[in-house]
Each structure stands twice: as C-alpha cells, then as structure tokens.
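Residue numbers (the working numbering): 1 to 329.
From the three backbone atoms N, C-alpha and C, an ideal C-beta is built for every residue, glycine too.
A quick note: this is a predicted structure, and the numbers were derived from the prediction, not measured.
Since the structure comes first, as structure tokens, the remarks are kept for the end.
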C-alpha cells in the first residue's frame, strides 16, 4: 500500500498571495515522526507539498484504482491549507476532483467545522449546547457590539481560524471594542464573540465512521497551573499543559460528553477522525466550543491521549486511520 503524506510546511506553491497566510501546520519533527511510523507499518510512504503542483508530483506515485478492486494507494491529508477562507477544504476538494482517496473529512465538513459561526448555528438548531454569541463582520458593525446582551467575560475569536490564533478574553465594554478592532485589523475576517465559561476544559476524540465510530474517553486540559484562561498556541505545541485522561468526572457527565461529541461529529458529516472541544459552566453543564475536523494527531496532542486510553500506540492509531478511510472508500 502506498501512502502520500500531504502537508503545508512549504507555502510557496501558489499563483498569488492574498492577505494573511495560514499559520497552522505540522512541524518538521512531527512530520518526520509521522512518516517513520507509517514506514514501520510496512507502507510505501512519500511526502508532498499541498499546493498547486500536487497533481504533477503525485500522479506517478499513486496508482489509479482499478474498478472493483481495493485501492492500492491513499493520501494521508495533513494539509491545513496555505491561504483562503476555507483552507481546510482545498486539498480534499482537489483530490475529490481527481478521484484520489484520502483520509479525513470531506470539503463540506471541513468548511462547516472551520467556520465557527456556522458550526454554532448548526449546534443551536439541533439542541446541542454551545455558548451564546454574536458575530462582528467588520469595523462598521460596532452597533451590534454596543447592543449585545451577552454576559461578561467574553472571548473573541477570528471566525475562520484554529489553533488559538487571535483569541482574547475581555471583561468590559471598553476592552471588548478595543480588542475587536485590533483583531479585525490583524486577521481581516469576521469575529465570533461568545460568552466565556470559567469551568473545566475537556475534549473528546472520535475515530471511525457510521456504526463503527469509536468515542474516546474525555481528556481534561488542566489550565490551573498555567495561569491562562484558554490554551495558547505555544502551550499546545510545547506540551506545557497537563492532559488528564481519563478525565476525573462523574460517569454521567462522561457519557453525556461522549454522546454530544458523537452527535456533533455526525451532524457535521465528519469522516475518519475529529475532536470535539468542551467547556463546563459553574454547574458542570457541558457546552461545545468547536469541533476540530483536522484535529492535531502528533504525539503531544490530546487526541493521542484519548487514543492511547483506547488501546492504540502511535503507530497503531495511524494504521487505524488508514484502515477506516480505505473502508469508507
């Protein structure tokens, strides 16, 4: 079996650069670890940049799938995209057009999951709890900000970013306006402003499709020793946060988190794997913050913590991801 690992460490392969380039990507050491584990599983592995030259380079490596036969090759998609509003969708959309099988969710699922506003609206329509919010489209939308009915503190997030980029927490109207204007200027996209919950932060990973979806044990991200109100990009990457798995929570809450995670995964039509992030309120009620349709799957990530608790080592987790994707095709 051939596996083409596609990522975005290099961002030169575009015709034009518009606005802010994506900053979310796997590091070189994480990619190397990934390649090594797939090779140790017996796969023939080659890496490719996820850019406009992908087809030129990949066509000689991945054999066409013969009608009625099992695929002999697949793309393991680690490409978060180079630029653009729905950057998670770019490589999956290219591969679908070309008829190349790949791991992970479809363009539809990635577009919905990356858009924080659309995710929250879908959650609310189906009765899945998520913090109250408003959307600020641009600098002329400050009337919406002035007349909001949300309860402080509030957390400000760029609508189409991930990895904690551009996030801030404010406690009053003056700071809210100041941080909104600053973030709009820096990220050049609408913002989601939602009620900040002071409770514990947990997440639930999922692996599989349809009736075979595995729902992992909840993982708690312990921020108590960091002094931070939310996970920073630096803290996520350097492994400074304590991950507690399984989370020390009542059995009923665990089952509720797992049920909501599975419903969210299914609602957004995700494939193969994802991670749902939660916050608890003061009464231990869970609220969905977002679903990560391209959850980080390096060894320091909380997704892998859940996978280990489910009985997977790192190599075995990657093998399972390949298996569930191939089975889907």
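Exposure of residue i, with buried meaning 16 or more beta-carbon neighbours within 10 Å
i, result
"residue 10", "exposed"
"residue 105", "buried"
"residue 282", "exposed"
"residue 231", "buried"
"residue 303", "buried"
"residue 53", "exposed"
"residue 178", "exposed"
"residue 59", "exposed"
"residue 161", "buried"
"residue 28", "exposed"
"residue 220", "buried"
"residue 331", "There is no way to answer for residue 331, as the model of the chain reaches only from 1 to 329."
"residue 284", "exposed"
"residue 80", "buried"
"residue 312", "buried"
"residue 64", "exposed"
"residue 92", "buried"
"residue 15", "exposed"
"residue 70", "exposed"
"residue 245", "buried"
"residue 45", "buried"
"residue 295", "buried"
"residue 222", "exposed"
"residue 55", "exposed"
"residue 129", "exposed"
"residue 346", "Since the first and last residues shown for the chain are 1 and 329, residue 346 lies out of range."
"residue 147", "exposed"
Three-state secondary structure (DSSP) of residue i
i, result
"residue 243", "strand"
"residue 90", "helix"
"residue 46", "strand"
"residue 262", "helix"
"residue 328", "helix"
"residue 277", "strand"
"residue 61", "coil"
"residue 217", "coil"
"residue 82", "coil"
"residue 230", "coil"
"residue 253", "helix"
"residue 13", "coil"
"residue 223", "coil"
"residue 282", "coil"
"residue 148", "coil"
"residue 109", "helix"
"residue 207", "strand"
"residue 302", "helix"
"residue 96", "helix"
"residue 296", "coil"
"residue 307", "helix"
"residue 315", "helix"
Whole-Å CB distance - residue i paired with residue j, under 8 Å assumed
i, j, result
"residue 20", "residue 188", "6 Å"
"residue 306", "residue 165", "Incorrect: roughly 24 Å between the Cβ atoms, too far for contact."
"residue 196", "residue 154", "6 Å"
"residue 176", "residue 145", "6 Å"
"residue 194", "residue 131", "4 Å"
"residue 78", "residue 268", "No, residue 78 and residue 268 are not in contact; Cβ-Cβ is about 20 Å, not under 8 Å."
"residue 170", "residue 116", "Not really, about 17 Å apart at Cβ, beyond 8 Å."
"residue 242", "residue 264", "Actually they are not in contact, since the Cβ atoms of residue 242 and residue 264 sit about 25 Å apart, beyond 8 Å."
"residue 100", "residue 150", "Contact flag wrong, Cβ pair sits at about 44 Å."
"residue 260", "residue 218", "Not a contact, Cβ separation roughly 11 Å."
"residue 272", "residue 309", "That pair is no contact at about 19 Å."
Nonlocal neighbours in the same chain, by C-beta distance under 8 Å from residue i, ignoring five residues either side
i, result
"residue 138", "184 and 190"
"residue 47", "4, 5, 6, 7, 31 and 35"
"residue 98", "55"
Residues that residue i bridges to, as DSSP identifies them
i, result
"residue 157", "192"
"residue 2", "44 and 73"
"residue 271", "Bridge partners of residue 271: none, in fact."
"residue 115", "Residue 115 pairs with nothing; no bridge assigned."
"residue 290", "277"
"residue 102", "75"
"residue 133", "194"
"residue 201", "221 and 279"
"residue 169", "155"
"residue 7", "49"
Proximity test, residue i beta-carbon vs the ligand NAP heavy atom, cut-off 7 Å
i, result
"residue 209", "The model depicted lacks the ligand NAP and carries no ligand whatsoever."
Residues near residue i by beta carbon distance below 6 Å, same chain, minus five either side
i, result
"residue 208", "214 and 324"
"residue 111", "86 and 89"
"residue 76", "3, 5 and 103"
"residue 270", "105, 109 and 293"
"residue 168", "156 and 179"
"residue 205", "216, 275, 303 and 306"
"residue 277", "203, 289 and 290"
"residue 24", "80, 162 and 163"
"residue 43", "1 and 3"
Close-in-space but distant-in-sequence residues of the same chain around residue i (CB under 7 Å, 5 per side omitted)
i, result
"residue 13", "49, 51, 52 and 53"
"residue 257", "202, 204, 218, 278 and 286"
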